[in-house]
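Before any comments, here is the structure.
Protein chains: 2
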Amino acid sequence: MENKTVTIKDVAKKAGVSVSTVSRAFNNYSDINPETREQILKIAEELGYKPNIIARSLSSNRNFRLGMLVEDYDLSGMLNPLVFEILMNFKNTATKLGYETVLLSTTSDVQKNEKLSKLFTDKQLDGMFIMGLKMTDEYYRELSQIDKPCVLYDININNPYVGCVGVDNTKGAFLAVEYLIKLGHKKIGFINGHKDAYVSYERLDGYFLAHNRYGLTVDNSLIEYADFTDKGAEEAVERLINRHRDVTAIFCASDIMAIGVVNRLNDLGYSIPDDISIIGFDGIYLSQCISPKITTVKQDTAKIGEAAANLLFNIIQGQRIGRVVIEPELLERESTKSV
Amino acid sequence: MENKTVTIKDVAKKAGVSVSTVSRAFNNYSDINPETREQILKIAEELGYKPNIIARSLSSNRNFRLGMLVEDYDLSGMLNPLVFEILMNFKNTATKLGYETVLLSTTSDVQKNEKLSKLFTDKQLDGMFIMGLKMTDEYYRELSQIDKPCVLYDININNPYVGCVGVDNTKGAFLAVEYLIKLGHKKIGFINGHKDAYVSYERLDGYFLAHNRYGLTVDNSLIEYADFTDKGAEEAVERLINRHRDVTAIFCASDIMAIGVVNRLNDLGYSIPDDISIIGFDGIYLSQCISPKITTVKQDTAKIGEAAANLLFNIIQGQRIGRVVIEPELLERESTKSV
DNA sequence: CTGAAAGCGCTTACAG
DNA sequence: CTGAAAGCGCTTACAG
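Chains as they are written, first to last, in the working numbering: chain A, 1 to 339; chain B, 1001 to 1339.
Here it is as structure tokens:
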């Protein structure tokens, strides 16, 4: 019933060599005769041998395990499919690189009791990919002086052990606002995300830059903050509209918020895009399912996940890269029109 | 810099006992003096000792690792946030049970070359939670005779090692259609999911049962199949409408499809729910973000994930439970009205 | 109730 | 280029 698992010993015996040699063959060591190597690999194949990663970890002190840490998954997961997409893409390239991935979650509260470095050793991780971290978090502080390989999504930190990956948020916001300006809009509202989110600063920069570039001045009262939820955005847009009846376009820092904004505006009797143009951010699948299809700035989740895994791998190997920036892409759809 | 990790030896030395005894203390063995036990745990706490799970796996031949296998993640992940929610909830209770979780993905093609049992041993898993499996898959066949603990979501199989968890799909469909009937609808279309999906059969049953219960006969040409995508549903609803101009309500086997249907119907000049009532399935977050808010049948992802982990745990412990069914819940919202 | 010893399946200096 | 041996941090019969 239980078909005994084949070990390195079995391979060694059948190949007529020592286990050390088999180990060498499997670890791509240079100090081994290419022919013996071929021979061993062939026999291993026949026997269906796969190195026991657990034993390897224990003896080599290398774990070949990467953690994927998601903060407040209950929120980010439900609301934002981006997280899941990025995670799966990360996992895929991590697998190709020979690493297994374990899924971990945390919250701002938990971080007060359990240090990140402890999590690292407890879980026997070689590296960690972290999503959803806020600037007010305990881990954000700890990350500035950690000496373990980490990669952060959408938040930056200055530490050679910590890589950062994300879309160029400033440019993305710039593209969105520039697009609106080119459509003739002059009074453009902005529903930004969390005040504590790193990306909110970057996107705010983009909003300003686009105005500057085209000779427009920003009225700060056109800017609202919400919490990346549709509900929050609905309230924010109502505040905005009440202050500025003559807004003709609104840039939302996420598609989810854009959807909330469209709905609330509909309820208030506005027609989109005829009365007000709306542009989102993220490019989630659902942004094109609803009517009108949301014009948005797409984050390429495949590229982000892949880049994160490669970056983490490089850091583990001793390279110090720092930051990988993915190009955002404007997707022109139906929720915007010229005035 | 590298703060040497504390091992069982350190604890043993400091406590003045053997490593065997420390091991006993940590494994809740009964044959140990409660006082020594307390003493050891206290010292371990001071030293910040955590058992090395890798070493434990290697020596005990128990891995405390669970796989989470997702099929065709590119599709299910993008389209359906349910998968991610269930996964995270599964992970959470697995963690409480002392297991770590590794994320795995597969496709129908991959299954032809790599057996499930091989994946099991290669990844050193104690159990596996599988989502998105289709009835035509290679693994579906293999699962009927596997002797390793598995739990499937939304698909049933008769094997003591394999547990099944999911919402009561027949009842869920029944509730949806019953609700429409009670609203006075008599000609009710049905956009079902994949023909190869197990749940499609169950939901079809529910559609029939509701008709039977209320003395209505089913016209089979009211039933369409789509692939769980909004695009597929858009085409399906157009075929349906072309055959039956007088349909007054449509039950869709997923919220994503319901959203597609609403959009296409809007394009065709129908007003929802005034001209046609639409009801979905799943209860994803976005179903309430759009306008009209979609009436739907909710799957409780928290309960499903938790149940799946507990079920898998029980199977690993030697219990044979079989199947856990979660109650679906009808969410009355805006996309339906009485006629 | 406790300890000494073997062993889990690998890797890695050390010799040769 | 290859082998013998020690060791990674635990668990588990076996004695006592």
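From the three backbone atoms N, C-alpha and C, an ideal C-beta is built for every residue, glycine too.
Sequence-distant Cβ neighbours of Thr217 of chain A in its own chain, meaning closer than 7 Å and more than five residues away, are His211. For Thr5 of chain A, the residues of chain B that pass the 8 Å Cβ criterion are Thr1121, in the order they occur in the chain. Using a CB distance cut-off of 8 Å, Thr101 of chain A counts as an interface residue toward chain B. Interface criterion met: the Cβ of Met88 of chain A is under 8 Å from a Cβ in chain B. Distance from Gly166 of chain A to Asp147 of chain A at the Cβ level is roughly 23 Å; contact not present, criterion being Cβ atoms closer than 8 Å. Residue-level contact check: Gln299 of chain A does not touch chain B, since none of the beta carbons of chain B fall below 8 Å from its beta carbon.
Met68 of chain A sits in a strand when the DSSP states are folded into three classes. Listed in chain order, the alpha helix (DSSP H) runs fully inside the stretch 177–216 of chain A are 198–213, counting runs of at least 4 residues.
The shortest CA-to-CA distance from Glu85 of chain A to any of A:Arg333, A:Ile8, A:Asp300 and A:Ser200 is the one to A:Asp300. In the DSSP assignment, Glu234 of chain A falls within the unbroken alpha helix (DSSP H) covering Asp230 to Arg243. Our two residues, Glu142 of chain A and Gly132 of chain A, have alpha carbons roughly 15 Å apart in a direct line. Of all residues in the stretch 1237–1263 of chain B, those with a C-beta nearer than 9 Å to a C-beta of chain A are Ile1256, Ile1259, Gly1260, Val1262 and Asn1263, reading in chain order.
Per DSSP, Arg1323 of chain B lies in no alpha helix (DSSP H); the unbroken beta strand (DSSP E) holding it starts and ends at Arg1323 to Ile1326. Looking at A:Pro328, A:Leu312 and A:Arg323, the one whose alpha-carbon comes closest to that of Met68 of chain A is A:Leu312. Taking a beta-carbon distance threshold of 8 Å, Ser108 of chain A does not count as an interface residue toward chain B.
One alpha carbon belongs to Asp1168 of chain B, the other to Ala1253 of chain B, and they sit about 13 Å apart.
Each residue's CA atom was taken as its position, placing Ala1258 of chain B and Tyr99 of chain A some 39 Å apart. Interface annotation, Cys1289 of chain B: in contact with chain A, CB-CB separation under 8 Å. Look at the beta carbons and you see the stretch 202–209 of chain A not touching the stretch 1016–1029 of chain B: under three pairs across the two are nearer than 8 Å.
Ser1338 of chain B and Leu265 of chain A have their alpha carbons spaced roughly 27 Å apart. Not a single C-beta of chain A is nearer than 8 Å to the C-beta of Gln1317 of chain B. In the displayed model, Thr5 of chain A falls within coil according to three-state DSSP, outside both helix and strand.
Neighbours of Ile294 of chain A in chain B, taken as residues whose beta carbon is under 9 Å from its own, are absent, since the nearest beta carbon is some 11 Å off.
In this structure, the alpha-carbon of Ser1108 of chain B lies about 18 Å from that of Thr1229 of chain B.
For the stretch 1007–1040 of chain B, the beta-carbon criterion of a distance under 7 Å to any beta-carbon of chain A is satisfied by none of its residues. Put simply, the backbone Cα of Val1102 of chain B is about 35 Å away from that of Thr1295 of chain B. Against chain B, a Cβ distance below 7 Å from Asp230 of chain A picks out Cys1289.
One finds Ser1105 in chain B with Cβ atoms closer than 8 Å to the Cβ of Asn92 of chain A, taken in chain order. Counting C-beta atoms within 10 angstroms of its own C-beta, Val110 of chain A has fewer than 16 neighbours from the protein chains shown and is therefore classed as exposed. Taken in chain order, the whole alpha helix (DSSP H) runs of length 4 or more contained in the stretch 118–146 of chain A are 138–143.
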